[in-house]
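Heads up: the sequence shown is residues 873 to 1149, going by the numbering used here.
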Amino acid sequence: MSGDKGDVRPLGIFDSGMGGLTVMRAVRRALPQERIIYLGDTARLPYGTKSADTVTRYALQAAEHLVARDVKAILVACNTASANALPALARAFDPLPIIGVVEPGAEAAVAATRSGNIAVIATEGTVRGGAYRAAIHARMPYAKVTEIACPLFVALAEEGLTQGEIVRLVASRYLDPVFGAGDARPDTLVLGCTHFPVLAEAIQQAAGKDVTLVDSAETAAADLARVLAARGLLSKGPAESPQFLATDAAARFARIGQLFLFAPINEDQVTLVDLSA
Ligand code: DGL
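This is the structure we're talking about:
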């Protein structure tokens, strides 16, 4: 595997749907020589409203599928799966490097805040376990962390509905109670779900121009690059085009996925797979 070309095995990235493509974009920028297999569990989305046990089972199946395709590392490009299933994934696939997005998101938030007053928007499943609160407090014990579950944002993003009145109204409904609070307003807002960056404009408008929006994409990609380098797993390329796997609706994945990846996806690049088989 490792030779003149380095380790040319692919990287596996997965999410419940298309949100993880926002992270894949950052990975392609940070590691342009790597081949990527992206898996979106579109048949079972959303993960964010499901129990921790179910999310863990789905995440284990997704990782298992990627491992069968000989990936050299896995990036869990889903905050809900990272918050609920990372220890189970690490145990099941040790010593395969498995990187989540919650710790990198917390890292980005702590780097951005000046006041230590940080808000996190995420799915119910991420907010439930307090994973962001814990990850931020581990780095900044005095931080004030407010977590807000915003499940409707996932549906809007998967619809490709990223702008306009409905998005603005939903954003206000979720954010006004926290960002309308005068002096106590957070100065930093973590997009703690990989679906949310495509709604950034409306979210920024509802939070206010002075609020810094951060997500985990860049920091997670940097973490992945660091781990690959440390373990001698980097490829020297050249990269082949990425492969996309979805558990349902390949045409829809290609059509809407482009909004998340900011790059074209052809339907014939998307293969349907069954994770429960
Ligand atoms: N994109 C996922 C996350 O980062 C989950 C969205 C969902 O399936 O509810 O949490």
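Idealized CB from N, CA, C, for every residue including glycine.
Using 8 Å as the Cβ pair cut-off and three pairs as the minimum, do the stretch 893-906 and the stretch 1124-1135 touch?
yes
Just to confirm before moving on: does the CB-CB distance between Ile1020 and Ala994 stay below 9 Å?
As a working mapping, residue 1020 is identified with position 148 in the sequence shown. As a working mapping, residue 994 is identified with position 122 in the sequence shown. A contact, by the Cβ cut-off of 9 Å.
Below 8 Å, is the gap between the Cβ of Pro1069 and the nearest heavy atom of the ligand DGL?
By 1-based counting over the sequence shown, the position of residue 1069 is 197. No, the ligand DGL has no heavy atom inside 8 Å of this Cβ.
With a threshold of 8 Å (Cβ to nearest heavy atom), would Asp1095 be considered close to the ligand DGL?
Working through the sequence shown from its first residue, we reach residue 1095 at position 223. Not so, every heavy atom of the ligand DGL lies at least 8 Å from the Cβ.
DSSP state of Gly878, grouped into three classes?
Numbered from its first residue, the sequence shown carries residue 878 at position 6. Of the three classes helix, strand and coil, the one that applies to Gly878 here is strand, per DSSP.
Among the residues of its own chain, which have a CB less than 7 Å from the CB of Gly878, if the five just before and after it don't count?
For the purposes of this step, residue 878 is identified with residue 6 of the sequence shown, where counting begins at 1. For Gly878, where only same-chain residues beyond five positions count, the Cβ hits under 7 Å are Leu1106, Ser1107, Lys1108.
In whole angstroms, give me the CA-to-CA distance for Leu932 and Gly1080.
Indexing the sequence shown from 1 puts residue 932 at position 60. Indexing the sequence shown from 1 puts residue 1080 at position 208. Each residue's alpha carbon lies about 39 Å from the other.
At a cut of 8 Å, does the stretch 1056-1064 reach the stretch 983-992 through at least three beta carbon pairs?
yes
Note the first and the last residue of the continuous beta strand (DSSP E) segment covering Gln1115.
Taking the sequence shown and counting its residues from 1, one reaches residue 1115 at position 243. Start and end: 1115-1118.
So what does DSSP say about Tyr1014, is it helix, strand or coil?
If you number the sequence shown from 1, residue 1014 lands on position 142. Three-state result, Tyr1014: coil.
Taking Phe886 as part of the beta strand (DSSP E), name the residues at either end of that continuous run.
Translated into positions along the sequence shown, residue 886 becomes position 14. First-last of the beta strand (DSSP E) with Phe886: 883-887.
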